[in-house]
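Single-structure report; data block below.
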Amino acid sequence: MTARPDLQENDVVRIPRGVRLREDKARGGWVLLAPERVFQLDPIAQQVLTRVDGERDVADIVDDLAAAFDAPRERILTDVRAMLLDLMSKNVLEVA
């Protein structure tokens, strides 16, 4: 699926078949494994992607992060939307 120009709060995002989120115990941290590619995740990306379950919409993910980190919702929405769109453009996330 190609990335959309925008991602709505009611969109449900999922990790597509063939892509996996895994803890990399050898290096410490988390990675997103895709065919012939590995994306090393920073702690923020890891927090976002562990909430991407194919059932929760973007609004639910943002609300959960805002509550967990006591941060402004609009700022989190902007950052999460940008990250998800970037990963969608790399074909490692898709709208369910």
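Counting from 1 along the sequence shown, just add 1359 to a position and that's the residue number in the numbering used here.
Beta carbons are placed, not taken as given, at the ideal position from N, Cα and C, and that holds for glycine.
Bear in mind that the values here come from a model prediction, so they are computed numbers and not experimental data.
Environment of residue i [buried if 16+ CB atoms lie within 10 Å]
| i | result |
| --- | --- |
| Arg1378 | Residue identity differs from the one stated: residue 1378 is Val in this sequence, not Arg. Looking at its Cβ environment, which holds 16 or more other Cβ atoms inside 10 Å, Val1378 is buried. |
| Ile1404 | Here residue 1404 turns out to be Ala, not Ile, going by the sequence shown. Per the 10 Å Cβ criterion, buried. |
| Val1397 | exposed |
Limits of the alpha helix (DSSP H) - the one that residue i falls within
| i | result |
| --- | --- |
| Ala1418 | 1417-1428 |
| Glu1382 | First-last for Glu1382: 1379-1382, but that is the beta strand (DSSP E), not the alpha helix (DSSP H). |
| Val1439 | 1432-1448 |
Pairwise C-alpha distance: residue j and residue i
| i | j | result |
| --- | --- | --- |
| Arg1373 | Gly1387 | 24 Å |
| Arg1381 | Lys1449 | 18 Å |
| Val1371 | Asp1401 | 22 Å |
| Thr1409 | Leu1444 | 16 Å |
The beta strand (DSSP E) enclosing residue i, as first and last residue numbers
| i | result |
| --- | --- |
| Glu1368 | No beta strand (DSSP E) contains Glu1368, which DSSP labels as neither H nor E. |
| Val1397 | 1396-1400 |
Inter-stretch contact at 8 Å, needing at least 3 Cβ pairs: the region 1437-1448 / the region 1416-1423: These segments touch.
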